[in-house]
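Chemist: Below is one structure. I have some questions about it.
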Amino acid sequence: MTGHTSRRTLLKTTGAAIGTAGLTGLAGCTGMLGGGDVAIGSKDFTEQHVLGQLAIEAIEANTDLGVADETGLGGTIPNFEALDAGEIDLYWEYTGTMWLAIPPEQDGIIEDPDELYEEASEIMDEQHDVAVLEKAPLNNTYQILATSEWHDEHGVETLSEFAEFADDGDVEDTDLVLGPEFQEREDDGWPGLIEHYDFSEAAIETLDDNTETVNEDVVYAAIGEEDQGDIGMGFATDPRIPLYDLQILEDDESFFPTYNAAPMVRNDTLDDHPEIADALEEIPPLLDNDTISELNMEVAEEGRSASAVATEFLDEHDLI
Numbered sequence: 139m140t141g142h143t144s145r146r147t148l149l150k151t152t153g154a155a156i157g158t159a160g161l162t163g164l165a166g167c168t169g170m171l172g173g174g175d176v177a178i179g180s181k182d183f184t185e186q187h188v189l190g191q192l193a194i195e196a197i198e199a200n201t202d203l204g205v206a207d208e209t210g211l212g213g214t215i216p217n218f219e220a221l222d223a224g225e226i227d228l229y230w231e232y233t234g235t236m237w238l239a240i241p242p243e244q245d246g247i248i249e250d251p252d253e254l255y256e257e258a259s260e261i262m263d264e265q266h267d268v269a270v271l272e273k274a275p276l277n278n279t280y281q282i283l284a285t286s287e288w289h290d291e292h293g294v295e296t297l298s299e300f301a302e303f304a305d306d307g308d309v310e311d312t313d314l315v316l317g318p319e320f321q322e323r324e325d326d327g328w329p330g331l332i333e334h335y336d337f338s339e340a341a342i343e344t345l346d347d348n349t350e351t352v353n354e355d356v357v358y359a360a361i362g363e364e365d366q367g368d369i370g371m372g373f374a375t376d377p378r379i380p381l382y383d384l385q386i387l388e389d390d391e392s393f394f395p396t397y398n399a400a401p402m403v404r405n406d407t408l409d410d411h412p413e414i415a416d417a418l419e420e421i422p423p424l425l426d427n428d429t430i431s432e433l434n435m436e437v438a439e440e441g442r443s444a445s446a447v448a449t450e451f452l453d454e455h456d457l458i
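Residue numbers for the sequence shown follow the working numbering, so the first one is 139 and each next one is one higher.
What follows is the structure, encoded as structure tokens:
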């Protein structure tokens, strides 16, 4: 449908420029984007597509609800604003992102994953009338990656060592490849990282000049296979890190928080359809890092659809 496509395209391309005020007229209109009883969104990278399809398949199989597939809406802000406005009813978010990237953003890192989940869930409920369902044990934290060649040549093992290496003026020939959201996130992205690790102004300027911005899903091949860069960002649960023999620079000063994934659902949607929580409740405990990494691999490298992978996984665990 033309209207559906243009709205999704708008969400993908405008990102954070879509203001909450511009969406408030849709608040309370459940699943506005694509019809159906409930609309499910996701961010636009492999793991999020898998998580979105797990929710879609489970709800379709275990309830009488019609589900509109709105996965791939873009980054955090487009998805959350769509949820907040009632354009979608549900998407999976990460606890560290709830805490640091969704208004009202919080200061400081909560190191205990359970405490972080409880605090973030309370804020989502009180500030946005959104319920956070049970979290998965998977921790899809950000990681800074280096090619094996760059790592072997320079012997940099940690992010503090990378900061020292950069401050010594040795990054003229070091190219970075970053995802757009990570490049902009002040608290848990690149701007926060270089401040936390105290990179010098000269080093920051050089690295900025040497940075290419690509979709998060493209970073791994860009530095690991296509020789587009030496350093990149990635997600801990992505199987392409070992596939391309990428080396993780240790976050030795604990900059990144925990990122456990959990379904976030509008409270008014749950009030109308409490069976949604029942349909999803057994999924998160099954998703540890190894499991989600395997599912991600089937989509990212084996070319299977996220829907097929999700359906097979749920069937294997007798959830559909």
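Even glycine gets a Cβ: it sits at the ideal position worked out from N, Cα and C.
Looking at the strands, I want to know which residues DSSP matches up with TYR280.
Modeler: Answer is PHE373.
Chemist: Do you know whose CA, among GLY179, ALA223 and LEU221, lies nearest VAL205's CA?
Modeler: Here the closest residue by C-alpha is GLY179.
Chemist: Determine which residues share a DSSP beta bridge with GLY179 and list them.
Modeler: DSSP lists GLU208 as partners of GLY179.
Chemist: For PHE300 versus LEU387, is the C-beta distance shorter than 7 Å?
Modeler: In contact: PHE300 and LEU387 (Cβ atoms closer than 7 Å).
Chemist: Got a sec, what are the start and stop residues for the alpha helix (DSSP H) TYR358 sits in?
Modeler: Here the alpha helix (DSSP H) through TYR358 covers 357–362.
Chemist: Return the Cβ separation of GLU256 and ALA400 in integer angstroms, given the expectation that the two are a contact with Cβ distance under 8 Å.
Modeler: That pair is no contact at about 11 Å.
Chemist: Where does the unbroken beta strand (DSSP E) through ARG404 begin, and where does it stop?
Modeler: 399–404 is the span of the beta strand (DSSP E), which, as asked, contains ARG404.
Chemist: Taking the alpha-carbon of THR312 as reference, which of GLY370, THR184 and ILE414 has the nearest alpha-carbon?
Modeler: Of the listed residues, the one whose Cα sits closest to THR312 is GLY370.
Chemist: In the DSSP assignment, what are the bridge partners of GLN385?
Modeler: DSSP lists ALA284 as partners of GLN385.
Chemist: By Cβ distance, which residues of its chain are closer than 7 Å to ALA460, with the 5 residues on each side in sequence left out?
Modeler: Coverage of the chain is limited to positions 139 through 458, which leaves residue 460 absent and any answer about it impossible.
Chemist: Using only the alpha-carbon positions, how far apart do ASP347 and VAL315 sit?
Modeler: Rounded to the nearest angstrom, the two C-alpha atoms are 11 Å apart.
Chemist: Between which residues of its own chain and PRO395 is the CB-CB distance below 6 Å, once the five residues before and five after are set aside?
Modeler: If we look at PRO395 and ignore the five residues flanking it on each side, its Cβ neighbours are GLY234 and ILE247.
Chemist: With the cut-off set at 7 Å, would you say ASN434 and LEU276 are in Cβ contact?
Modeler: No.
Chemist: Return the CA-CA distance between GLU454 and ALA199, expressed in angstroms with no decimal places.
Modeler: Straight-line Cα distance between these residues: approximately 14 Å.
Chemist: Tell me the rounded alpha-carbon separation between GLN186 and THR375.
Modeler: C-alpha separation (whole angstroms): 11 Å.
Chemist: Would you tell me roughly how many angstroms separate the C-alpha atoms of HIS266 and THR285, rounded to the nearest one?
Modeler: Taking the straight line joining both Cα atoms gives about 41 Å.
Chemist: Is TYR397 near ASN217, with beta carbons less than 7 Å apart?
Modeler: Contact flag unset, no.
Chemist: Mapping DSSP to helix, strand and coil, what is TYR255?
Modeler: Three-state result, TYR255: helix.
Chemist: My guess is that LEU228 and GLN385 are in contact by the Cβ rule of under 8 Å, so how many angstroms apart are they, rounded?
Modeler: The Cβ separation is near 36 Å, so there is no contact.
Chemist: At what residues does the alpha helix (DSSP H) containing THR184 begin and finish?
Modeler: Per DSSP, THR184 belongs to the alpha helix (DSSP H) from 184–200.
Chemist: Using 10 angstroms around the beta-carbon of GLY372, count the other beta-carbons present and answer buried if the total reaches 16, otherwise exposed.
Modeler: When all chains shown are included, GLY372 counts as buried.
Chemist: Any idea if ASP516 is buried or exposed, counting beta-carbon neighbours within 10 angstroms, 16 or more meaning buried?
Modeler: Since the first and last residues shown for the chain are 139 and 458, residue 516 lies out of range.
Chemist: Mapping DSSP to helix, strand and coil, what is LEU297?
Modeler: DSSP places LEU297 in helix when its eight states are reduced to three.
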